[in-house]
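For reference, the structure discussed in these notes is given below.
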Amino acid sequence: MASVVSKNRFRDPQVEMAHGAGGKASRRLIDGLFAPILFGSAPAPLGDAAHVDVNGTCVAVTTDSFVVKPLRFPGGSIGELAVNGTVNDLAVSGARAQALVVSYVLEAGLPTDLLEAEVRAMAAAARTAGVVIVGGDTKVVEHGKADQMYITTSGIGHLIPGVSVSPAAVRCGDKILLSGPIGDHGITILLARGELDLDADLRSDTRSVLPLVEALAETVGAGIHWMRDPTRGGVATSLNELAHDCGLGVLLSEDSIPIRDEVRGACELLGLDPLHIANEGQFLAVVAAEQAEAALEALRATPGGREAVLIGEISEQPAGAVLVTTLYGGSRIVDMLVGDPLPRIC
Amino acid sequence: MRFVDEFREPDLITRTADEIRRLANPKRHYRFMEVCGGHTHSIYRFGLKDLLPSNIELVHGPGCPVCVLPMGRIDDGLSMAEQPGVIFTAFGDMMRVPGTRGSPLEYKARGMDVRIVYSPSDALKLARNNPEKHVMFFAIGFETTAPSTALTLIRAKAQGVRNFSVFCNHVTIIPAIRAILDSPDMRIDAFIGPGHVSTVIGCRPYAWIAINEEKPIVVAGFEPLDILQSIVMLLRQLNQDQRKVENQYKRAVPWEGNRAALRAMAEVFELRPYFEWRGLGFISQSALRIRESYAEWDAERRFSVPGVRVTDPKAAQCGEVLKGVLKPAQCKLFGKECTPEHPIGALMVSSEGSCAAYYNYEYRKAQVLPGLSQIPLGV
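From first to last, the protein sequence lines stand for chains A and B. Numbering (this note's numbering) for the first sequence: 1 to 346. Numbering (this note's numbering) for the second sequence: 347 to 725.
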């Protein structure tokens, strides 16, 4: 494996914000530094959660850290994100979250009422998602050495019977479903920072997607081939990872992707592509073509799934890339996120 | 979404593209320069080249403020960021532009106080909120952004904010067009005129292009239909043997420009005798500097800057691409050493830079899709 390691070796001289943005630079950091050193060799395609055999029972395990700024924003807060994020990572790996542990890094001087509000937000989110928080850890750093609070949650879950998702299961002709409008979270955070004199009636979409995943599993089961929650880097980055991992092409039709006018407007003004903007309560599913209609109906019949849509399909070409077609027949390749237009969104 | 969707209407776009094919003489070749980087971006983003006949060639012009800035000026600005107590502010476009020792973002990662602002007035606000610091705004842009810098300086003076300064790199569009037309290796049939710049300067300053240089110019908006319609207007002029300035972007561009904005600029700025442009070299009276009466807010006067001329990396051919002599992919570094993730030149950084636009939308498409048209899209 030595040659593989040296070929992909992470050569950037220092860590930059882009390495945490979930796009290209993050992928290079993982493939070139974390994976070869921690896993010994290039890992299997990187999923949202690892599946581990514990005495003959397969368990899903994952972890996620939250550094969002500001701590509270329309539609949610860091505590709620921290629970939903981990529940969702487990859900899209085909698992139902069972238990979470939580770590807090707190900055000395953090007002207690702020902390308490977030702990209560976590408790409420956990109740809604049907998961228990079973333990945790707290560290405090000097004032100025962290920004108020950071939260890490780790979770385990058991696999939803009959569901097995992996890029290797994806076939040409499979259909791509999206659970609802994109970009709400990223743009909400951007506006909540108050750095732009823009107002929009927009809320973060943070929520547990587990009920939607379960509805899908009940209806099409093994017909689900792949799932992902398109958080940092957005839908474009998730689908590029899929294209890269399965070696097939992803075709999207631009006008089928739901984007609220507020999000489109902000993106037009700022020169951002909504496909690169983070979501915290949506997921993508690749399903067998013949089950796509049933899958879509199941999603739409589930609370919170009314806006689910079919946005594209898997094709042989363009291998390893994502192609978006426009209404009038133009087309463009959409790459992973490069750089970091909106740091610290989750 | 109003003012956007109407100009992306598929049926109108198809009809306008048909009109272009009808008007273009198949026996001749057309070279139209879109001066503005915003147009370059739209052309690639919306795949407009796919809609044009092959004998209409769009040549990318120098209208990308980040791209035309020589590396020495970036180094000068960053040297200010290294002074103790200084907050370096700039637009997001600037953040990944490489200087000799890294981009502003890399300086930030090394601990310098570097911040993105969305307007110069945000930088002024930052100065008011941080009286113990000095806030320097790295000002770039053509006449589009110069008025907001001017108004911010007028406000800073009126409010007596003394911990604020501007490193002025504003340039003007007309001398750049003149330099392109004077360039011996350049042959342009007509111009798609810059839309945003013209909201400030109006259409009158382009008259010499039509009268003296005998080239049609149409000031255009940035939506797909705007650009296609401006091509229709250029073809009609050429077919009727006319040479005039026309305004396609009437919904935003008044013929006389924006007088209040021009007044603010005149109050704060004066022309520099000469200024260096990447790729185009020194152009006389092509850039703005801050007047003596605003000296206190002029970063160039407040800080000692190295002012060293830095040549671009040898193999990089940014200059030729900027002048439209080379297509982005003809540069030796394009797509190899120089990519959006690891840009060597600014043209690969800014979304208005022709290399970044070409790389993101066209080059990768060609790479992954040799036979694009054969792909059925069953969704």
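Every residue gets a Cβ at the ideal spot worked out from N, C-alpha and C, and that includes glycine.
Sort out for me which residues DSSP pairs residue i with in a bridge.
i: Leu-106 (chain A); result: A:Val-140 and A:Met-149
i: Ala-285 (chain A); result: A:Leu-177 and A:Met-227
i: Asn-88 (chain A); result: Note: Asn-88 (chain A) sits in no beta bridge, so no partner.
i: Asn-593 (chain B); result: B:Val-565
i: Arg-207 (chain A); result: Partner(s): none; Arg-207 (chain A) has no beta bridge.
i: Val-350 (chain B); result: Note: Val-350 (chain B) sits in no beta bridge, so no partner.
i: Glu-622 (chain B); result: B:Phe-628
i: Ser-635 (chain B); result: Looking at the sequence shown, residue 635 (chain B) is not Ser but Arg. Its beta-bridge partners are B:Glu-616.
i: Gly-135 (chain A); result: A:Val-101
i: Cys-684 (chain B); result: B:Phe-680
i: Asp-587 (chain B); result: Paired residues: none, contrary to the question.
i: Thr-57 (chain A); result: A:Val-54
Kindly indicate the opening and closing residues of the alpha helix (DSSP H) around residue i.
i: Lys-673 (chain B); result: Per DSSP, Lys-673 (chain B) belongs to no alpha helix (DSSP H) and is neither H nor E.
i: Met-379 (chain B); result: Counting along the chain, Met-379 (chain B) falls outside any alpha helix (DSSP H), though it belongs to the beta strand (DSSP E) covering 376 to 382.
i: Leu-239 (chain A); result: 234 to 246
i: Leu-33 (chain A); result: Neither: Leu-33 (chain A) is in no alpha helix (DSSP H) and is coded neither H nor E.
i: Ala-427 (chain B); result: 417 to 427
i: Ser-544 (chain B); result: 541 to 547
i: Val-614 (chain B); result: 605 to 614
i: Thr-128 (chain A); result: 112 to 129
Determine, using beta carbons only, whether residue i comes closer than 9 Å to chain A.
i: Ala-455 (chain B); result: yes
i: Ser-697 (chain B); result: yes
i: Ile-359 (chain B); result: yes
i: Arg-710 (chain B); result: yes
i: Val-463 (chain B); result: yes
i: Leu-451 (chain B); result: yes
i: Arg-597 (chain B); result: no
i: Pro-372 (chain B); result: no
i: Val-481 (chain B); result: no
i: Tyr-620 (chain B); result: no
i: Gly-393 (chain B); result: yes
i: Val-412 (chain B); result: no
i: Arg-501 (chain B); result: no
i: Asn-475 (chain B); result: no
i: Met-440 (chain B); result: no
i: Glu-687 (chain B); result: yes
i: Tyr-390 (chain B); result: yes
i: Val-350 (chain B); result: yes
Does any C-beta atom of chain B lie closer than 9 Å to the C-beta of residue i?
i: Lys-145 (chain A); result: no
i: Pro-230 (chain A); result: no
i: Ile-133 (chain A); result: no
i: Thr-62 (chain A); result: no
i: Arg-264 (chain A); result: yes
i: Ser-26 (chain A); result: no
i: Arg-171 (chain A); result: no
i: Tyr-328 (chain A); result: yes
i: Val-83 (chain A); result: no
i: Arg-332 (chain A); result: yes
i: Gly-247 (chain A); result: no
i: Gln-14 (chain A); result: yes
i: Gly-223 (chain A); result: no
i: Pro-318 (chain A); result: yes
i: Leu-239 (chain A); result: no
Got a sec, what are the start and stop residues for the beta strand (DSSP E) residue i sits in?
i: Cys-514 (chain B); result: 510 to 516
i: Trp-554 (chain B); result: Where Trp-554 (chain B) is concerned, there is no enclosing beta strand (DSSP E), although the alpha helix (DSSP H) it sits in stretches over 553 to 557.
i: Pro-408 (chain B); result: 402 to 409
i: Val-432 (chain B); result: 432 to 436
By a C-beta neighbour count over all protein chains shown, 10 Å radius and 16 as the cutoff for buried, is residue i buried or exposed?
i: His-375 (chain B); result: exposed
i: Ser-630 (chain B); result: exposed
i: Leu-100 (chain A); result: buried
i: Trp-601 (chain B); result: exposed
i: Met-1 (chain A); result: Its pLDDT being 39, under 50, Met-1 (chain A) is placed unreliably in this model, and the value from its coordinates should be taken loosely. With fewer than 16 Cβ atoms within 10 Å of its Cβ, Met-1 (chain A) is classed as exposed.
i: Glu-313 (chain A); result: buried
i: Ile-577 (chain B); result: buried
i: Gln-676 (chain B); result: exposed
i: Lys-682 (chain B); result: exposed
i: Lys-711 (chain B); result: buried
i: Phe-349 (chain B); result: exposed
i: Asn-371 (chain B); result: exposed
| message | What ranges does the alpha helix (DSSP H) occupy inside the region 276 to 346 of chain A, keeping only unbroken runs of at least 4 residues that lie completely in it? | response | 292 to 301
| query | In chain order, which alpha helix (DSSP H) runs of at least 4 residues are fully inside the region 454 to 511 of chain B? | reply | 466 to 475 and 492 to 505
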